[in-house]
Every structure is written in C-alpha cells, then in structure tokens.
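A.B. asks: Protein chains in written order, with the working numbering: chain A, 1 to 317; chain B, 318 to 634.
Number of protein chains: 2
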Amino acid sequence: MDTRVSHGVPTFAPAPFELAAWSKLQLARVERALQNWVTAEAPAGLGHGAPAALVAAMRYAVLDGGKRLRPMLVLAGCEAVEGNATAALRAACATELIHAYSLVHDDMPCMDNDVLRRGKPTVHVKYGEAQALLAGDALQALAFELLTPDEAAIPAALQARLCRLLAQAAGSAGMAGGQAIDLASVGLRLTERQLTEMHRLKTGALLQGSVVMGAVCGAPAPEQLTCLQAYGDALGLAFQVVDDILDVTADSATLGKTAGKDAADDKPTFVSLLGLARSHEFAQELLQRALAALEQAGLAQPAALGALAQMVVNRNA
Amino acid sequence: MDTRVSHGVPTFAPAPFELAAWSKLQLARVERALQNWVTAEAPAGLGHGAPAALVAAMRYAVLDGGKRLRPMLVLAGCEAVEGNATAALRAACATELIHAYSLVHDDMPCMDNDVLRRGKPTVHVKYGEAQALLAGDALQALAFELLTPDEAAIPAALQARLCRLLAQAAGSAGMAGGQAIDLASVGLRLTERQLTEMHRLKTGALLQGSVVMGAVCGAPAPEQLTCLQAYGDALGLAFQVVDDILDVTADSATLGKTAGKDAADDKPTFVSLLGLARSHEFAQELLQRALAALEQAGLAQPAALGALAQMVVNRNA
C-alpha cells in the first residue's frame, strides 16, 4: 500500500487499480465455474443425463476462449456495490452462456456463415449445423438454470430478478431483436440513429444487462442503478464502435475471427458511416460518458468498472 | 349438479368431468394471454421495443395453432392442487413458448427440413431461415421473462422454482438433449430402452415438466409430487407412442403435418420397433400407469389430469 506521511500524520492513499491482476483472478473463478457447470452430469431432480455429443459441442462453444467481458462486467458491477459474490458468479457465467450461444447461432450458414471464431473452427464446422443449433438452444436454457439453483445462498427474489434481467437483455427487445435488425440492414444505408439503435439491442443490451445484473447482487440505490445503466449503455455502444474500427484496422490472427467481414458482407458500420477518424473520437467520447456516469453513481468500489471501460475502448483485439 | 336423495337426506355426487368444456375455457385464457404477451411492446425497464419483423415470426410460430397440450397440463396440474392460478397461466404460456421454439428450430433445413406444420408453411419457409432461428431464440428468452414478472402476485420463490423446472425440462438433460439423441439415431436400430430414453428427454421432459410446474403453483406434499412425476412420465411416453402410431395410420391433412415422415427419414419409432398392434397395447398400458399414479396422489381436483391422459392416448391427430 502507498503510505504517505504529511505533517507527521500517516495518510493512506488507495493503491492504483491493477486491471490485469484483478481480471486474472476473476477469470480463473469464471473459467473454473464454467468448467463445472457445462457438463453431462444429470441435474438434481430430473434424473437423466445430457448426451455426450451435445455437451461436447456446448463445452467447445463456451470453454477456452473469449475475453469474458460480460462476466467481468457482472463481477465488477457486484464488487462496485459490495454485493453477493456467490450470486454474481452464477450471473457472470449465465451472461457468458447467452453470449456463447448467440455466437454459435450467429456463425451458422443461414446467418453470418463464418468458419473461424476465437481462432478455431466455428461450432457448426466442427459438429455440424444441427448439433450447433441444439447446442446454442441448450446453452440458453442452461443460463437460466444456473441462475435458479435450489439453494438458499441466493435469495429467491434475487434469482427471479436476475432471470428477468437476463431474459430481457437476451430476447426480442434485446440481443435477438438487434440481430434481427442487423439481418434486415444488410445492403441498406442506415442513419447514425438507426445504427446506434441496432447496436444498443444487438450487443449493448447484454453488456448493459451484465453490469446491472452484477449491481442487483447488492442493494444499489435507484439513482445508482440509473447511473450504472447509463455507464452500461455508453460502454456497450463504445464496444461496438471499437469493434467496427478493429474490423478494418486489425488482421484476422489478432482478432481470432475473420477481419474485414463486415465490409465484405456489405453491413453498415460506424466506420462506413462516420469514417475512421470520427469513429475513434466517438469511442473516446463514449468512454468519457461512461466514466462520468460511474463517478456520479458514488459507488463503494468503482475501480474495476472504470478500468473495464478503459480497456474496452483502448483494446486492440 | 347431479342431486340424489337417499333415505331422505340429499347427497351431492360430482358431475362427470367434461374435458371439452374445460379445455375450451382454459384454451381461451391461454390464447388471450399469448396474444398479449407475444408482442412488440417494449418490456418495462428496458426502453426498447422489439423489431416488428421478428415479432411477426414469433407470433406466427405461436398463435392460432396447436393443441396446447403443455399449457393444459400446467393448468390441470395447478387445478389438481388448487394452486395459484395467476402463476399457472404464466407457466402454461411459458411451456408453450418453449414447445413452439423447439418446433421452429426442429423444422429447419439442418434438422428435419419440414415445410408443413399445423397445416401452414413452417416459419423458415415463410420468414427465411435466419429469422426463424432468431424467432426461436427469442421465444425461449420470452418464456423465462414470462415466468419472472416484477409483481407480487407470484411469490419470488415460485418464480425461481418455475424457471428452474422449465430450464431443466428444456435443456441438455431434457428436450434439447433428446433432440440431440434423435439426431444421432437416424438410420440406427435402437433398443426399446434407448428409444424410450430418447423420448423421455425429447418430448417427455417438457410434458412431465408442465404437470410439475402446474403442481408447484400450489403446495403439494412431496409424495404427491412424486406421483405427479410418475403420471407425467407415463403420459409423456404414451404421447410419443401414439405419435408414432398416428405417423403411419393418419394422413397429413388430419395431422396438420407431413405423415409418414419418420419412416421416410429412417427414424426409429415405437411402431418400427414393436409393430402396430403392440404399440397400441403399450399406449393403453401407459395410460393405466398414468391413471394409477394419479389416483395414488390423492389430489383435491384430479379430474382434468385424468381426462387429459385419456385424450392423449385416444386422440386421432
């Protein structure tokens, strides 16, 4: 700890927040939990096990890959309000399962038809389209199963609230809705407003939902929750702006997925709409908006949320 | 009411249960609720609406069709224990949304590649494969959203329990798992045990889950719940045996879907394994097993559950 002496009285300044160390610790928890929860073991009460081939496809889709941004946001959101860590770990994994299922379905031939994801063949390339479809479906169900364990460590009211938030973030007025708008926009010239709305749903809803799910694991004041929603909204949009920038500036090896895909697919992006320079500026503006909302919230432990917003905007992959 | 006079004292015998009248009443409630809940209106708290094209595909998949067997089982299960009718109506609709999404995905070209369902073009034929995929995904999310309303009429503990039961019934150790086994069994000669296990997951888990979800809307004793699980298990298997019988004995117009599809696809069925005569016998045995479990449960109002089991086995479509 950084201890300074001033006028003979020792004062304690907090150590600067180290995102790398924090993330490493949290990632280890999340990976371990996902390893345990995405298995073929029969859940209590049903008495049947899941078939091995399906579980293999589910594990392939979820394990050993990805930045785990949504879980990190859940855990940072919970830490910010000093909430229930047991609940937050389940919520963190649930958001990742939803994200993973959406990638599996999104990569399928009838959608984006992508063959490379996180540097590996996509699920349908490896396991076939039918198995990929079912693995995605089963991952979504598992997300809600994770949120509703038959144990008292997570109060029922919190379980129900987390399910509600996740369902809204994932559904027709959230992620799935955004993908439908995306689908309908290929080859169209969207306005900035329309593009923003699409991304608010497609990626923003689940990113924002992750922050909020983490926060409700504690007892934030209503105004604090409003600030965290604003933080999540700005961060979610910034994430997509940076994604669009990286799609044209990074290579496939760095990205772990096919670069230049959006332009090739004639999809509207922030870069095609605003240009590269303005897109960079816009990302920085959104970062400032996120950090301002965070400061306004007056949270107990906001450091991880702040650092994650910085990372989202300044990443290179 | 049937009033009899015996030794001068009037006694009241219950009127015989009329499934047609009961179903008509319950169906009207379910259809009205589905009409209201599968909409483009923004759910409270998120502030975005769902895109119209996606909602159109979702509504097409859900409304105006189907026997609504799962909702009827939920409502009958709740009635049997005189449970919370508000919760049961949501649970009833949630099971139907899961069933509807599974049909949408199951009909897709990478799965069963079917073009006719409930006498209409399947969702992917009408709206395209990508929209069908997303509509199915969004319907699953909506099922969990329905179960977790932000209102006190349904206790949080019940909301969480219903989510858990539905997630288990729909996921990798339930419906999705059964579909994966189905996928892997094309062209194979399964044993009766393997075929039974596949159907226990593929259709049985959600049918049984529907009965149980209805029952937990009240306060059944543990032994009663065990009996209802046995009832649901027998009914679920009977449903599939009869489905296999109808696939070879009924025509497409009566079924509302392509008849003879299983044989054409070289899928193992109870009829191909046991023959038609033994399949009929087996269905009747399962009906007796379901009714025996129901009687053993000693429920307050078991009539609808009993009549539904009769209907499942003796239906002709």
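In this text, a Cβ means the ideal position worked out from N, Cα and C, and glycines have one as well.
CB-CB under 6 Å to A292(A), same chain, minus the five flanking residues each way: which ones, in chain order?
C.D. replies: Excluding sequence neighbours, A292(A) sits near nothing in its chain.
A.B. asks: Please confirm if A487(B) has its CB atom under 8 Å from at least one CB of chain A.
C.D. replies: Yes, A487(B) lies at the interface with chain A (some Cβ there is under 8 Å from its Cβ).
A.B. asks: In three-state terms, what does DSSP make of P222(A)?
C.D. replies: Helix, per DSSP.
A.B. asks: Out of D150(A), L27(A) and I154(A), state which residue places its alpha-carbon closest to the alpha-carbon of G83(A).
C.D. replies: Closest by alpha carbon: I154(A).
A.B. asks: Determine the DSSP secondary structure at L318(A), reduced to helix, strand or coil.
C.D. replies: The structure shown has nothing for residue 318(A), since chain A only spans 1 to 317.
A.B. asks: Can you find the residues in the same chain that come closer than 7 Å, C-beta to C-beta, to Q343(B), ignoring five residues on each side of it along the sequence?
C.D. replies: M389 and L392.
A.B. asks: So the candidates are D247(A), A290(A) and Q284(A); which of them puts its Cα closest to the Cα of V320(A)?
C.D. replies: No answer is possible for residue 320(A): the residues shown for chain A start at 1 and end at 317.
A.B. asks: Would you tell me roughly how many angstroms separate the C-alpha atoms of L593(B) and T586(B), rounded to the nearest one?
C.D. replies: Approximately 10 Å between the Cα atoms of the pair.
A.B. asks: Chain A partners of A501(B), CB-CB under 8 Å?
C.D. replies: Simply P51 and A53.
A.B. asks: D424(B) CB to nearest chain A CB: under 8 Å?
C.D. replies: For D424(B), the answer is no, since every Cβ of chain A falls outside 8 Å of its Cβ.
A.B. asks: Give me, in chain order, the residues of the same chain whose beta-carbon lies closer than 6 Å to that of E350(B); leave out the 5 immediate sequence neighbours on both sides.
C.D. replies: Here residue 350(B) is Ala; the residue named in the question, Glu, does not match the sequence. Within the same chain, A350(B) has close Cβ partners L406 and C410.
A.B. asks: Could you give the distance in angstroms between the alpha-carbon of S596(B) and the alpha-carbon of D266(A)?
C.D. replies: Cα-Cα distance, rounded: 55 Å.
A.B. asks: So, L206(A) versus A143(A), is the Cβ gap smaller than 8 Å?
C.D. replies: Contact flag unset, no.
A.B. asks: Counting only the same chain and skipping the five closest in sequence on each side, list residues whose C-beta sits under 7 Å from that of R189(A).
C.D. replies: Result list for R189(A): P268, in chain order.
A.B. asks: Can you list, in chain order, the residues of its chain with a C-beta nearer than 6 Å to that of L603(B)? Leave out the 5 residues immediately preceding and following it.
C.D. replies: Excluding positions up to five away in sequence, the list reads A551, L554 and A555.
A.B. asks: Please state whether DSSP places P268(A) in a helix, a strand or coil.
C.D. replies: It is coil, neither helix nor strand.
A.B. asks: Can you round the beta-carbon distance between L158(A) and V216(A) to whole angstroms, since I take them to be within the 8 Å contact cut?
C.D. replies: Going by Cβ atoms, the distance from L158(A) to V216(A) rounds to 7 Å, so yes, they are a contact pair.
A.B. asks: By DSSP's criteria, P16(A) is part of a beta bridge. Which residues make up the other side?
C.D. replies: DSSP lists no partner for P16(A).
A.B. asks: Within the continuous alpha helix (DSSP H) that includes G177(A), where are the two ends?
C.D. replies: It spans M175 to S185 - the alpha helix (DSSP H) in which G177(A) sits, taken as one unbroken run.
A.B. asks: Can you give me the C-alpha to C-alpha distance between A300(A) and R315(A), rounded to a whole angstrom?
C.D. replies: Approximately 26 Å, taken between the alpha carbons.
A.B. asks: Grouping DSSP H, G and I as helix and E and B as strand, with all else coil, what is P71(A)?
C.D. replies: Three-state result, P71(A): helix.
A.B. asks: Would you report the Cα separation of A482(B) and F282(A), rounded to the nearest angstrom?
C.D. replies: First, the amino acid is wrong: residue 482(B) is Leu here, not Ala. Their backbone Cα atoms lie some 45 Å apart in a straight line.
A.B. asks: Name the chain D residues that come within less than 7 Å of M375(B), Cβ to Cβ?
C.D. replies: Note that chain D does not occur in the displayed structure, where the protein chains are A and B.
A.B. asks: Check each candidate in L545(B), L464(B) and V559(B) and name the one with the smallest Cα separation from G623(B).
C.D. replies: Checked all of L545(B), L464(B) and V559(B); the closest Cα to G623(B) is L545(B).
A.B. asks: Quick check on the burial criterion: 16 or more other C-beta atoms within 10 angstroms. Buried or exposed for A219(A)?
C.D. replies: Classification of A219(A): exposed, given that the 10 Å Cβ count is below 16.
A.B. asks: I need the straight-line Cα distance from D423(B) to A367(B), nearest angstrom please.
C.D. replies: Looking at the two C-alpha atoms, the distance is approximately 24 Å.
A.B. asks: Are the C-beta of Q131(A) and some C-beta of chain B separated by less than 8 Å?
C.D. replies: It does: the Cβ of Q131(A) has a partner Cβ on chain B nearer than 8 Å.
A.B. asks: Using beta carbons (cut-off 8 Å, strictly below), is L142(A) in contact with chain B?
C.D. replies: Output row for L142(A): interface = yes.
A.B. asks: Flag this pair as yes or no: are the beta carbons of Q496(B) and K519(B) separated by less than 8 Å?
C.D. replies: Yes, they are a contact pair.
A.B. asks: Please report how far the alpha carbon of A467(B) lies from the alpha carbon of T148(A), in whole angstroms.
C.D. replies: Residue 467(B) is actually Asp in this sequence, not Ala. Roughly 16 Å separates the two Cα atoms.
A.B. asks: Taking the alpha-carbon positions, what's the K120(A) to A538(B) distance?
C.D. replies: Going from the Cα of K120(A) to the Cα of A538(B) covers about 50 Å.
A.B. asks: Just the C-alpha distance for C395(B) and A138(A), rounded to the nearest angstrom, thanks.
C.D. replies: Going by the C-alpha atoms only, they are around 27 Å apart.
A.B. asks: Mind checking whether the beta-carbon of R407(B) lies closer than 7 Å to any heavy atom of the ligand NAD?
C.D. replies: With respect to small molecules bound, the structure shown includes none, and the ligand NAD cannot be examined in it.
A.B. asks: With distances taken between CB atoms, is the gap from A447(B) to M111(A) smaller than 8 Å?
C.D. replies: In this structure, M111(A) lies closer than 8 Å to A447(B) by Cβ.
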